[in-house]
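**Student:** Here you go, one structure.
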Amino acid sequence: MFKLMISGKRKVGGVMMKDIVLYDGNCGFCRLSKNMAKKLDWLRNLEWIELERYQGVLFSQEELESEIHLVTSSGKVLRGFSAIRRILWQLPLTTILSLLLYLPFAKWFGDRVYAFVAKYRGKIMELLNAIGVATPAV
1 MFKLMISGKR KVGGVMMKDI VLYDGNCGFC RLSKNMAKKL DWLRNLEWIE
51 LERYQGVLFS QEELESEIHL VTSSGKVLRG FSAIRRILWQ LPLTTILSLL
101 LYLPFAKWFG DRVYAFVAKY RGKIMELLNA IGVATPAV
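Structure representation (structure tokens):
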């Protein structure tokens with residue numbers, strides 16, 4: 001099991017630790033998204049942890065199931081769209097795209113798009129499977 005401890009900047013032996021992403025391992029869409037991001041994480045900036053393995057006290061299970069959570073290497077907690085924006089920032093191929101997500105209007109719009117996708121993620125995965133874009137991730 002995984003326990004998350006946050007106490008300022010997380011360093012081991014003078015080396016900065018990775019951002020930690022807590023995602024729903026029971027969600028096919030979430031697993032597909034994680035697998036795609038891991039393929040683009042050439043610098044290995046992200047550590048992915050299934051929320052089902054999390055045993056800390058920072059978040060309730062209900063909070064974790066409602067949206068993706070990311071804990072930055074400095075201990076800051078990001079949720080939902082803000083977490084996705086940070087993930088995109090960490091991936092070399094999407095870093096420039098992620099800059100657009102920091103424009104003033106982007107958070108307002110991004111929060112709404114994220115909420116829609118989160119609400120219908122099961123249906124979106126069914127559609128992706130039906131049209132052959134994705135196969136159920138294991």
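Residues in the sequence shown are numbered consecutively from 1, following the UniProt record's numbering. Positions of the beta carbon are idealized from the N, C-alpha and C atoms, including for glycine. The model shown is predicted, which means the values in this text are computed figures rather than measured ones.
If you draw a straight line from the C-alpha of Val77 to the C-alpha of Asp24, how long is it?
**Tutor:** Rounded to the nearest angstrom, the two C-alpha atoms are 17 Å apart.
**Student:** Just curious, the beta strand (DSSP E) that Trp48 is in, first and last residue?
**Tutor:** 46-50 is the extent of the beta strand (DSSP E) around Trp48.
**Student:** For Asp41, which of helix, strand or coil comes out of DSSP?
**Tutor:** Coil, per DSSP.
**Student:** Which runs of the alpha helix (DSSP H) at least 4 residues long sit entirely within the segment 113-137? Give them in chain order.
**Tutor:** Entirely contained in the segment 113-137, the alpha helix (DSSP H) runs reaching 4 residues are, in chain order, 121-130.
**Student:** Report buried or exposed for Ile96, applying the criterion of at least 16 other Cβ atoms within 10 angstroms of its Cβ.
**Tutor:** By the 10 Å Cβ count, Ile96 comes out exposed.
**Student:** Taking Arg86 as the reference, which of Glu63, Leu64, Glu47 has the closest Cα?
**Tutor:** Considering only alpha carbons, the answer is Glu47.
**Student:** List the whole-angstrom C-beta distance separating Thr64 from Leu32, where the pair is believed to meet the contact cut-off of C-beta under 8 Å.
**Tutor:** Position check: residue 64 holds Leu in this sequence, whereas Thr was assumed. At roughly 18 Å, the Cβ-Cβ gap does not stay under 8 Å, so Leu64 and Leu32 are not in contact.
**Student:** Quick test of your reading: Ala130 and Leu91, contact by CB under 8 Å. State the CB separation rounded to the nearest angstrom.
**Tutor:** The Cβ separation is near 28 Å, so there is no contact.
**Student:** Using three-state DSSP, classify Met17 as helix, strand or coil.
**Tutor:** Residue state, collapsed to three classes: coil.
**Student:** Do Ile68 and Ile84 have their C-beta atoms within less than 8 Å of each other?
**Tutor:** A contact, by the Cβ cut-off of 8 Å.
**Student:** For Phe109, count neighbouring C-beta atoms within 10 Å of its own C-beta (all shown protein chains included) and say buried if the count is 16 or more, exposed if not.
**Tutor:** Result: exposed.
**Student:** Tell me which same chain residues have a C-beta within less than 8 Å of the C-beta of Lys18, skipping the five on either side of it?
**Tutor:** The answer, listed in chain order, is Arg44, Asn45, Leu46, Glu47, Ser73.
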